[in-house]
Structures are given as C-alpha cells and as structure tokens.
Amino acid sequence: MISELRRSVAVPFLLAAVMAATLPAVACRASHPAPPDATATAATQKPDPRPEDFDPTPSTPPAMKLSGEKAFATLKEFVALGPRYLGSPGHAKAEQYILAHLEGALVEQDQFNVKTAAGPFTMNNIIAKFPGKKDGIIVLAGHYDTNLPLKDTTFIGANDGGSDVGLLLEIASQLHQQMKPPAVCAGICPPQLEGYSIWLVFTDGEEATITWTDADSVYGAKHLAQRWKHDGTAQRVKAFLLLDMIGDKDLHFEHEANSTPWLYEVAARAGQRLHLESHFSDRYGAISDDHLPFRDVGIPVLDLIDLDYGFDNLYHHTTQDTPDKCSAQSLQVTADVVAETLRALNTR
Ligand code: ZN
C-alpha cells in the first residue's frame with residue numbers, strides 16, 4: 002500500500018493543493034479514491050487563511066507541556082484491556098476506561114445505533130469539552146475501537162487505536178490543570194482555557210466491520226459530523242486534528258492529501274520550529290480516515306498519521322501491532338507537534 006504513495010520532496014503549499022485535486026488519490030485504507038469535497042469549500046465562502054498567519058511571536062504563550070512517557074504508559078494500560086471490537090467486553094471496558102480518565106471534565110457521550118455491513122451495533126463517541134475564552138473550537142480526535150474482522154485473533158491495536166487514546170488522555174490531564182476561573186467573575190464562573198475551546202473526541206466504529214469502503218468505515222465520525230452540521234457546531238470548529246497511528250517507533254507523518262493544505266502547513270511549520278521536520282515524510286497520498294466526514298461538512302481537517310508501520314506496513318491490522326512496536330519518544334514527538342500546532346492556531 003505504502004509503495005503507491007506519491008513521493009514529492011518539499012511540495013510547495015499551493016502545488017500541494019493542486020496535486021490533491023488532480024493526482025489519482027491513493028487510499029491506504031481503501032482501494033477507492035477519496036477526492037477533495039468541492040461543496041464544503043464552496044459552502045464556507047471564506048478565503049483560506051495563510052499558514053504564515055499562524056506563526057507565533059516571542060510573546061505568544063508557551064506550548065502546553067505533554068509527556069510522551071505518560072501517554073505511552075496509558076497506551077499500554079489501555080490495550081491490556083484486550084481487543085476492543087464492536088460488541089466485545091473489551092469495547093465496554095475501553096469506554097469505561099476513557100470515561101474514568103476524563104473525570105472532572107465536561108463529557109458528552111454520543112451514543113447511537115447503526116446498521117453496519119456486519120449487522121446492527123450501538124456505538125458511542127466520547128467527547129470531552131474544555132471551554133476556552135476565545136470564540137471557536139479546536140478538535141483533537143482519535144478512535145478507540147479495534148477491527149471486528151480480527152475478532153478471533155489477539156489483535157489489540159497498540160498503535161492503531163491505542164496510541165491516540167494514550168496521547169488524548171495525556172492531553173486531557175494537562176488541559177484539566179490549565180483550566181482557570183475567569184479573572185473577573187460575578188456569580189458562578191466555570192474555569193476556562195486561555196485560548197479556543199478544545200474538544201477531545203474519541204470516535205467509535207472507525208474500523209470496517211467487513212471490508213473498508215466508504216459505507217463500511219468511520220461510522221462514529223460520520224454520525225458526529227452530521228450532528229455537528231445540523232446543530233451549528235461545525236461552523237464553530239476552527240480545526241479538526243486527527244491522531245492515528247502516532248506511536249510507531251519509526252515515526253514519519255504522511256503528507257496526507259485529504260487534509261486541508263493550510264492546516265497541514267501549520268503543523269509542518271510547527272514541526273520545523275521544534276526541529277522535528279525529519280518526522281514529516283515526503284510520502285504524499287490520500288488516506289481515508291475519520292477526518293473525511295468532518296471535511297465534508299466544511300471543517301478544516303488534518304490527519305496526523307504514519308501509515309508505514311513496520312517494514313512495508315507489516316504490523317498494520319495484524320497481531321504484531323503491540324506496544325513493543327511503539328515508543329514514548331514517538332508519542333513525545335507527536336505530543337510536541339500537536340502542542341505547538343495548538344499554540345500556532347491560537348495566534349489568530
Ligand atoms: Zn485500523
């Protein structure tokens with residue numbers, strides 16, 4: 002799969018946008034193309050911001066300090082719950098684990114019934130909301146389920162589902178500490194973050210129930226994106242950052258072609274400021290993932306993903322996706338890039 006990705010060393014920002022629209026899209030999780038959605042762009046009617054508008058100045062508040070070690074410890078504890086495929090005991094335990102670690106945060110459970118390719122299931126997206134002083138929301142998301150077709154194996158998805166949960170829960174813990182009561186307050190004053198609100202979304206049903214197609218995948222993301230479209234939330238989301246397979250010991254983020262080009266550039270510039278550019282790969286190709294339903298309702302999206310997991314992506318969706326293939330260092334790299342990207346996004 003990975004060999005199909007186009008190599009494009011230092012693709013300039015505008016060229017990347019053109020390539021996303023013109024190159025045959027390569028879907029690493031599906032054999033079908035996933036072209037950019039023209040209606041979403043038309044619906045927003047707003048010119049894209051320029052990546053350079055998000056470059057922090059020396060007076061910009063420092064980035065949140067996150068621990069790759071703690072994220073890795075959580076990853077290991079989380080995947081030790083066992084396989085988390087739909088309807089399994091491990092799936093129920095995973096929900097409880099996430100909820101227990103979000104205690105004290107404002108949590109919403111987006112439970113719904115859906116008819117999948119493999120039959121009806123109840124699914125549950127978990128959303129932790131950290132309100133901010135600025136008007137707007139930045140979403141950080143990742144999925145927690147494992148693959149139903151692998152139910153008869155020991156597949157635990159350490160990198161695929163475990164790594165993002167580990168990091169999102171570390172971010173939750175740090176955000177919790179950053180929440181402060183407003184300086185001026187009369188009456189009941191709930192604590193807030195300094196910048197935009199941050200919502201952490203743990204999606205369910207990301208994996209295919211039989212074989213990856215548009216219809217049989219990203220069930221939770223599709224449900225939530227439609228809800229946000231209809232209740233007006235979509236218009237308030239400034240950026241949707243998806244974390245997927247970010248624990249690989251040998252970490253190199255894709256230049257993911259379905260991501261919003263300016264948002265990818267903001268993250269790549271964050272990586273450069275941190276001298277982590279060597280973790281940004283020149284592999285250029287389109288990936289089908291949880292970010293697409295949100296892009297399709299007009300939200301700027303970024304899929305921060307490494308889809309070259311083991312030689313020739315050998316560990317992906319196999320029982321070899323275990324914690325020893327991941328590392329605290331890689332989670333630290335992702336954590337630092339995410340924190341610096343949030344810092345940058347908050348400059349506007
Ligand atoms: Zn997967």
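Okay, so the sequence shown: first residue is 2 according to the numbering used here, each after it adds one. Where a beta carbon is used, it is the ideal one built from N, C-alpha and C, also for glycine. Being a predicted model, the structure only gives us computed values, none of them experimental.
Using a Cβ-Cβ cutoff of less than 6 Å, which residues in the same chain neighbour residue i once the five nearest sequence positions on both sides are dropped?
i      : result
Arg228 : none
Cys190 : Pro182 and Pro183
Pro324 : Lys77 and Ala159
Ala81  : none
Pro57  : Arg344, Ala345 and Thr348
Lys135 : Gly196 and Tyr197
Lys351 : Lying before the first or after the last residue shown, residue 351 is absent from the chain, which here runs from 2 to 349.
So which of the options has the shortest CA-CA distance to residue i?
i      : options                           : result
Ser206 : Thr212, Gly221 and Pro192         : First, the residue type needs correcting, since residue 206 is Gly and not Ser in the sequence shown. Per the Cα distances, Gly221.
Thr155 : His231, Thr212, Thr234 and Thr319 : Thr319
Pro84  : Leu275, Thr234, Gly162 and Gly105 : Gly162
Gly286 : Leu277, Thr261 and Val339         : Thr261
Ile288 : Leu305, Glu104 and Ser164         : Leu305
Asp297 : Lys230, Pro63 and Ser328          : Lys230
Glu96  : Lys71, Thr123, Lys116 and Ala235  : Thr123
Ile157 : Ala329, Tyr86 and Leu107          : Tyr86
Pro50  : Tyr310, Lys239 and Gly233         : Lys239
Ala235 : Asn125, Val302, Thr117 and Asp290 : Val302
Thr117 : Gly88, Gly105, Ala101 and Val108  : Gly88
Lys1   : Asp290, Asn125 and His177         : Outside the modelled stretch of the chain, which goes from 2 to 349, sits residue 1, for which no answer is possible.
Among the residues of its own chain, which have a CB less than 7 Å from the CB of residue i, if the five just before and after it don't count?
i      : result
Asp307 : Met246, Ile247, Asp249, Leu252, His253, Phe254 and Glu255
Gly272 : Glu278, His280, Phe281 and Val338
Rounded to the nearest angstrom, what separates residue i and residue j at their Cα positions?
i      : j      : result
His92  : Asp337 : 29 Å
Phe312 : Ser282 : 15 Å
Glu257 : Trp263 : 12 Å
Gln333 : Lys326 : 15 Å
Tyr145 : Pro192 : 28 Å
Phe55  : Glu195 : 17 Å
Asp217 : Ile127 : 20 Å
Ala269 : Thr75  : 26 Å
Thr40  : Asp322 : Reliability of the predicted coordinates at Thr40 is poor, the pLDDT of 46 falling under 50, and the value obtained from them is presented with this limitation in mind. So the alpha carbons of these two residues sit roughly 37 Å apart.
Ala340 : Glu208 : 27 Å
Leu67  : Val185 : 29 Å
Leu110 : Ile199 : Checking the sequence shown, residue 110 turns out to be Gln, not Leu. Looking at the two C-alpha atoms, the distance is approximately 16 Å.
Asp165 : Ala226 : 19 Å
Leu151 : Trp213 : 13 Å
Met180 : Lys47  : 31 Å
Ala119 : Arg274 : 46 Å
Arg284 : Ser174 : 33 Å
Thr147 : His317 : 12 Å
Leu1   : Ala64  : Since the first residue shown for the chain is 2 and the last is 349, residue 1 is missing from the structure and cannot be characterised.
Ser328 : Gly133 : 31 Å
Val115 : Phe131 : 28 Å
Lys71  : Asn259 : 31 Å
Val108 : His177 : 12 Å
Ile300 : Pro90  : 34 Å
My guess is that residue i and residue j are in contact by the Cβ rule of under 8 Å, so how many angstroms apart are they, rounded?
i      : j      : result
Leu343 : Ile138 : Leu343 to Ile138, Cβ: 12 Å. No contact.
Leu293 : Gly143 : Contact doesn't hold; Cβ gap of about 15 Å is too wide.
Leu103 : Ala129 : 5 Å
Tyr98  : Phe79  : 6 Å
Is residue i near the ligand MG, in the sense that its beta carbon is under 8 Å from a heavy atom of that ligand?
i      : result
Asp161 : Ligands in the displayed structure: the ligand ZN; the ligand MG is not one of them.
Item to check | Every unbroken beta strand (DSSP E) within the segment 290-327, with a cutoff of 3 residues, ordered by chain | outcome: 302-306
Checklist entry - Counting only runs that start and end within the segment 67-149, where is the beta strand (DSSP E) found for 3 or more residues in a row? => result 107-117, 120-131 and 133-144
Next on the checklist: Report the start-end ranges of each alpha helix (DSSP H) in the segment 247-271 that is 4 residues or longer and not cut off at the edges.
Outcome noted: none
Item to check | In chain order, each beta strand (DSSP E) run of at least 3 residues that lies wholly inside the segment 162-208 | outcome: 194-204
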